[in-house]
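Trainee: Sequential numbering from 322 applies to the sequence shown in our numbering.
Think of the CB as a built atom: it goes at the ideal place given N, C-alpha and C, for glycine as much as any other residue.
All values reported here derive from a predicted model rather than from experimental measurement.
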Amino acid sequence: MNSIPVVIFLGAPGAGKGTQAAYLSRAKGIPKISSGDMLRAAVHEDSPLGRRVHEIMKNGGLVDDETMLSLIKDRISKPDSSDGFILDGFPRNRHQAEELETVLPLHGRVIAINIQASEEEVVKRIAGRRNCPKCGHVYNVYFHPPADDEKCDLDGTTLFRRNDDSDLVVRKRIMTYKKETLPLIDYYKKKGVLKAINGVQPQDDVTHEVLAAVQ
Ligand code: AP5
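1. If we call anything under 8 angstroms between Cβ atoms a contact, is D485 one with R494?
2. So P467 packs on I325, CB below 8 angstroms; how close in whole Å?
3. CB-CB under 8 angstroms to K445, same chain, minus the five flanking residues each way: which ones, in chain order?
4. May I ask which residues mark the beginning and end of the beta strand (DSSP E) holding A517?
5. Quick check: does the Cβ of N461 come within less than 7 angstroms of any heavy atom belonging to the ligand AP5?
6. The beta strand (DSSP E) that contains K353, what's its start and end?
7. Restricting to Cα atoms, I'd like to know which of D470, S439 and I434 is closest to R450.
8. Who are the near neighbours of R483 in its chain, counting only those whose CB is closer than 8 angstroms to its CB and skipping five residues on each side?
9. Under the rule that 16 or more other beta-carbon atoms within 10 Å means buried, what is D409, buried or exposed?
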């Protein structure tokens, strides 16, 4: 019987979770489920959920567990997740991790990948991050800039900076991460499913290690 891969990306804000989750999704043909992207889409659509979470996200706090669990449980029950899926940004605390276990596929094989990067590094990365609003591609003006400073290489759309990427909010997000999410590293280590990866190396090298970790 084949086991269904469930890959959980852990790491500080800006460590490279979203970047690596996107590569892995393409390489394995399984969906990347990003809680942050889902929330940002709701804010962009100005849906009732978006209106509710907008202020929390803007201030670097965590959205309540009940909302997040319902969002994620609903998403992983979709047919495209039946052969496995990649979680980027979820779980974010112990309660979310415990609840996730109750809905994992019966024959699932969980791998938690912790992308390690220093605080100094992630602050610099986030300061340089630019996003394409059309295709979602993520750039970095320091590490891999677009050919034209303000435009997406793929579709020419003007890039933007996330409104929770200001220096002040980034510091708050890092504090929230240390208090709420960092303990999950121990949680998954005790379960014997944690793989630690050095995130401070060229993206392709990080990807190489991620692919090796999920074999
Ligand atoms: P979320 O969107 O999950 O943000 P985050 O965890 O803070 O992570 P980031 O998206 O900032 O960073 P990343 O690690 O994905 O880095 P990236 O690959 O972009 O959450 C946002 C908010 O939503 C939260 O604050 C909270 O309010 C809410 N939320 C989300 N999930 C929740 C949950 N489960 N419960 C409650 N609330 C929730 O890379 C960063 C930059 O570095 C990019 O520019 C990239 O190009 C560059 N880069 C990547 N890798 C490298 C490399 N190897 N070398 C050089 N540069 C690199």
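Mentor: Put simply:
1. yes
2. Wrong, their Cβ atoms sit about 36 angstroms apart, outside the cutoff.
3. The beta carbon of K445 sits closer than 8 angstroms to those of Y463, all from its chain and outside the five residues before and after it, given in chain order.
4. L515 to N519
5. Judged by the Cβ position, N461 qualifies as a neighbour of the ligand AP5 at the 7 angstroms threshold, a heavy atom of the ligand being closer than this.
6. For K353, the enclosing beta strand (DSSP E) stretches over residues K353 to S355.
7. The candidate whose alpha carbon is nearest that of R450 is D470.
8. Taken in chain order, the residues that qualify are R361, R450 and N452.
9. Buried, because 16 or more other Cβ atoms sit within 10 Å of the Cβ of D409.
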